[in-house]
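Quick note, in our numbering, the sequence shown goes up one by one and the last residue is 696.
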Amino acid sequence: MAKVLTSREESYAQWYNDLVIKADLAENSAVRGCMVIKPYGYAIWEKMQRALDDMFKETGHQNAYFPLFIPKSFFSKEAAHVDGFAKECAVVTHYRLKNDPDGKGVVVDPDAKLEEELIVRPTSETIIWSTYKNWIQSYRDLPLLINQWANVVRWEMRTRLFLRTAEFLWQEGHTAHATQAEAIQETETMLGVYAKFAEEWMAMPVVQGYKSANERFAGALETMTIEALMQDGKALQSGTSHFLGQNFAKAFDVTFANKEGKLEYVWATSWGVSTRLMGALVMAHSDDNGLVLPPKLAPIQVVIVPIYKKAEELERIDEVVNGLVAKLKALGISVKYDNDDNRKPGWKFAEYELKGVPVRLAIGPRDLENGTFEVARRDTMAKETMPLEGLENKIQALLDDIQASIYKKAFDFRTSKTTKVDDYDEFKRLLDEKGGFFLCHWDGTPETEELIKNETKATIRCIPLDAPDEAGQCMVSGKPSSKRVLFARSY
């Protein structure tokens, strides 16, 4: 086929790029570092959005929208925040073009310089907290639980479709609370929402934990993360939730009158996931034949392909298939009947395999006589013949089994690639030979963390929430350590 993929073994990076493009998920755009998300890719993102949005609303959050442009002066109000994003900001300096006097197209009008430059949002804490100052007066206004779905720009020199682009889509939650305890609880709750989505919808096991101080979000007192393991043994940060303390409230003077009438600064959180999850979905499950999509996120869960030679055969097949399609749709299953005669069945089989459709049904004249369908599942490539009678219920059960099986395969892979290591030389050797997650003792100092990063390109992905207390020694310095942390090379 023209759409053959580079194998993962030959080049994992090229396999990923081939798959994203050839499965019609996305492509590079005319703007360097930016991507076009194609309809099939966007359909997956829409299903992700819908599921997450429902989960946000179930936990009491509301959606709003804030400006794309942020006054430059806002960034100077929170020092750690500006330090974290200064090198990634796109800046608007003028507001008008004019025709080039020399007739060479258009030029920036030098007379249209902005009085204050505007930053294209890399994240929205500053513009949102300047707004919250007007929304919050009293304890009765709290908690304020707001989310926005938006695009952001972080100027990237080395880009990769979905994983790292100059512009990407995401959601960002920004909440305000009366007490520190409530804000910390919110941070933990939203991390739990992300973990549930990753595992139950994406079929992708994740490790929940705290980031080290070096890896925290700029301006946060604590950052919590979910970390997933890709098939090449590298980690992917897949969602973060930040406890911001009172830093942004103080920077933008956001206070509230408590029940005693005394003014206090509010406590803040922010949290977000992005179209990077699309990259995670591809890399966590797919194979050399194409995408492997968990049914809950597949735009097409079932495709039906007729096999025939004569028009009258297709008429009879249409009648049977249309009845089955109606029954599947009644169960909430998304189904496509591809009776387009411009493509041969073999081409269709390969195309839907490439696009990761979880279940494929085929029916020909012999199946009509026997009252059966050929049923193929994408995850294992297994095929079997099933009777038409009650097939819709069997398909529903099959989709549930595929969802569970994809998760189990990813979970078992992660287990096989998670290693406890106590010796630094062994750690360095296994990083190259095996890859994956490494549970190691660390002395808690940024100096040791930086040394490991510089020497191995491995970073502390998180301090796992479920890490047991365990007396040990740092594998580098030999200093005491009370629990193991999670190291890996990452995207």
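By construction, the Cβ of each residue, glycine as well, lies at the ideal position given by its N, Cα and C atoms.
Reduced DSSP secondary structure (H/G/I, E/B, other) of His-266: To locate residue 266, count along the sequence shown from 1; it is residue 61. Taken through DSSP and simplified to helix, strand or coil, His-266 comes out as coil.
Are the beta-carbon atoms belonging to Leu-496 and Gly-551 less than 8 Å from one another? On the sequence shown, residue 496 is found 291 positions in, with the first residue counted as 1. On the sequence shown, residue 551 is found 346 positions in, with the first residue counted as 1. No; because the gap between Cβ atoms is not below 8 Å, this pair is not in contact.
Out of curiosity, what's the CA-to-CA distance linking Trp-375 and Gly-477? Start at 1 with the first residue of the sequence shown, and residue 375 comes out as number 170. Start at 1 with the first residue of the sequence shown, and residue 477 comes out as number 272. Trp-375 and Gly-477: Cα-Cα distance of roughly 7 Å.
When DSSP builds the beta bridges, which residues end up paired with Gln-451? Here residue 451 corresponds to residue number 246 of the sequence shown, with the count starting at 1. Per DSSP, Gln-451 has no beta bridge partner at all.
Assigned secondary structure, Leu-323 (DSSP; H/G/I helix, E/B strand, else coil): The residue labelled residue 323 in the question sits at position 118 within the sequence shown. Here Leu-323 carries a strand assignment [DSSP, helix/strand/coil].
Give me the residue from Thr-428, Lys-549, Ala-485, Gly-649 with the minimum Cα distance to Tyr-513. Here the question's residue 513 lines up with position 308 in the sequence shown. Of Thr-428, Lys-549, Ala-485, Gly-649, the residue nearest in Cα terms is Lys-549.
How about Gln-760 and Phe-271: are their beta carbons less than 8 Å apart? No answer is possible for residue 760: the residues shown for the chain start at 206 and end at 696.
How long is the line joining the alpha carbons of Gly-576 and Glu-524, rounded to whole angstroms? Taking the sequence shown and counting its residues from 1, one reaches residue 576 at position 371. Taking the sequence shown and counting its residues from 1, one reaches residue 524 at position 319. Counting only the Cα atoms, Glu-524 lies some 13 Å from Gly-576.
I'd like the span of the alpha helix (DSSP H) that includes Tyr-470, first residue to last. Within the sequence shown, the letter at position 265 stands for residue 470. Segment 468 to 470 is the beta strand (DSSP E) holding Tyr-470; no alpha helix (DSSP H) there.
Residues near Phe-367 by beta carbon distance below 7 Å, same chain, minus five either side: Within the sequence shown, numbered from 1, the residue matching residue 367 stands at position 162. Val-225, Ala-231, Thr-480, Arg-481, Met-483, Gly-484, listed in sequence order.
I'd like to know whether the C-beta atoms of Glu-420 and Val-411 end up nearer to each other than 8 Å. As a working note, residue 420 is residue 215 in the sequence shown. As a working note, residue 411 is residue 206 in the sequence shown. For the 8 Å CB-CB criterion, Glu-420 and Val-411 do not form a contact.
If you draw a straight line from the alpha carbon of Ala-381 to that of Lys-439, how long is it in whole angstroms? For the purposes of this step, residue 381 is taken as the residue at position 176 of the sequence shown. For the purposes of this step, residue 439 is taken as the residue at position 234 of the sequence shown. The alpha-carbon of Ala-381 is positioned some 35 Å away from that of Lys-439.
Starting from Ile-509, trace the beta strand (DSSP E) in both directions and tell me its first and last residue. Taking the sequence shown and counting its residues from 1, the one referred to as residue 509 is at position 304. Looking at the DSSP string, the run of the beta strand (DSSP E) that includes Ile-509 is 507 to 511.
Residue(s) in a DSSP beta bridge with Leu-486: Start at 1 with the first residue of the sequence shown, and residue 486 comes out as number 281. Answer by DSSP bridge pairing: none, since Leu-486 is not bridged.
Please report the straight-line C-alpha distance between Gly-238 and Val-357, rounded to a whole angstrom. Position 33 of the sequence shown, counted from the start, is the residue given in the question as residue 238. Position 152 of the sequence shown, counted from the start, is the residue given in the question as residue 357. Gly-238 and Val-357: Cα-Cα distance of roughly 13 Å.
For Ser-443, name the three-state secondary structure that DSSP assigns. By one-based count along the sequence shown, residue 443 stands at place 238. Note: Ser-443 maps to strand in three-state DSSP.
Helix, strand or coil, according to DSSP, for Leu-635 in the structure here? Looking up residue 635 in the sequence shown gives position 430. DSSP places Leu-635 in the helix class (H, G or I) of the three-state scheme.
Secondary structure of Pro-550, DSSP reduced to three states: On the sequence shown, residue 550 is found 345 positions in, with the first residue counted as 1. In this structure, Pro-550 counts as helix in the three-state DSSP scheme.
Once the 5 residues before and after Tyr-344 are set aside, which same chain residues still bring their CB inside 8 Å of it? Here residue 344 is taken as the residue at index 139 of the sequence shown, counted from 1. Same-chain partners within the cutoff: Ala-383, Phe-461, Ala-462, Asn-463, Lys-464.
Taking the Cβ atom as the reference point for each residue, do Glu-579 and Ala-567 lie within a distance shorter than 8 Å? In the sequence shown, residue 579 corresponds to position 374, counting from 1. In the sequence shown, residue 567 corresponds to position 362, counting from 1. Between Glu-579 and Ala-567, the gap from beta carbon to beta carbon is short of 8 Å.
What's the call for Thr-445, buried or exposed, on a 16-neighbour Cβ count within 10 Å? Residue 445 sits at position 240 when you count from the first residue of the sequence shown. Burial call: buried.
Measure the CB-CB distance between Leu-449 and Leu-426 and report whether it falls below 8 Å. For the purposes of this step, residue 449 is taken as residue 244 along the sequence shown, with counting starting at 1. For the purposes of this step, residue 426 is taken as residue 221 along the sequence shown, with counting starting at 1. Note that the C-beta distance between Leu-449 and Leu-426 is below 8 Å.
Secondary structure of Met-206, DSSP reduced to three states: Position 1 of the sequence shown, counting from 1, holds the residue named residue 206. With a pLDDT of 46 at Met-206, under the threshold of 50, the predicted position of this residue should be treated as unreliable, though the coordinate-derived value follows. Here DSSP, grouped into helix, strand and coil, assigns Met-206 to coil.
Can you confirm whether Trp-360, when its beta carbon is compared against all beta carbons of chain C, has any partner nearer than 8 Å? No chain C appears in the structure shown, which is made up of a single protein chain.
Could you please give me the residues that DSSP links to Thr-590 through a beta bridge? Taking the first residue of the sequence shown as position 1, residue 590 is located at position 385. Partner(s): Glu-579.
Under 8 Å by Cβ, that's how I've got Ala-473 and Ala-454 pegged, so tell me the actual separation to the nearest angstrom. Residue numbering aside, residue 473 sits at position 268 when the sequence shown is read from its first letter. Residue numbering aside, residue 454 sits at position 249 when the sequence shown is read from its first letter. That belief holds up - the Cβ atoms of Ala-473 and Ala-454 are roughly 6 Å apart, short of 8 Å.
In whole angstroms, give me the CA-to-CA distance for Leu-519 and Ile-509. Here residue 519 refers to the residue found at position 314 of the sequence shown. Here residue 509 refers to the residue found at position 304 of the sequence shown. Using only the alpha carbons, I get a separation of about 13 Å.
Using the Cβ count rule (16 or more neighbours within 10 Å means buried), how would you classify His-646? For this step, residue 646 is matched to residue 441 along the sequence shown. His-646 is buried by the Cβ-count criterion.
Enumerate in chain order the residues of its own chain whose CB-to-CB distance from Met-206 is below 7 Å, with the five nearest sequence positions on each side excluded. Here the question's residue 206 lines up with position 1 in the sequence shown. Residue placement at Met-206 is flagged as unreliable, the pLDDT there being 46, under the threshold of 50; the coordinate-derived value follows with that caveat. Answer for Met-206: Ala-555, listed in chain order.
Following the continuous beta strand (DSSP E) through Asn-233, name the residue where it begins and the one where it ends. Translated into positions along the sequence shown, residue 233 becomes position 28. Note, Asn-233: beta strand (DSSP E), 231 to 233.
Buried versus exposed, by CB contacts within 10 Å (16 or more), Pro-685: Numbered from its first residue, the sequence shown carries residue 685 at position 480. So Pro-685 counts as exposed.
Output the distance between the C-alpha atoms of Ala-284 and Asp-648, rounded to the nearest integer angstrom. Stepping through the sequence shown from its first residue, residue 284 is reached at position 79. Stepping through the sequence shown from its first residue, residue 648 is reached at position 443. Approximately 28 Å between the Cα atoms of the pair.
In three-state DSSP terms, what is Ser-479? For the purposes of this step, residue 479 is identified with residue 274 of the sequence shown, where counting begins at 1. It is a strand residue.
Expressed to the nearest angstrom, what Euclidean distance is found between the alpha-carbon atoms of Ser-329 and Asn-452? Locating residue 329 in the sequence shown gives position 124, counting from the first residue. Locating residue 452 in the sequence shown gives position 247, counting from the first residue. Straight-line Cα distance between these residues: approximately 14 Å.
State buried or exposed for Phe-261, treating a residue as buried only when at least 16 other CB atoms are found within 10 Å of its CB. Taking the sequence shown and counting its residues from 1, one reaches residue 261 at position 56. Taking every protein chain shown into account, the CB of Phe-261 has 16 or more other CB atoms within 10 angstroms, so this residue is buried.
Cα-Cα separation between His-286 and Phe-280, rounded to whole angstroms: Sequence index remark: in the sequence shown, residue 286 carries index 81 (1-based). Sequence index remark: in the sequence shown, residue 280 carries index 75 (1-based). One C-alpha to the other measures close to 7 Å.
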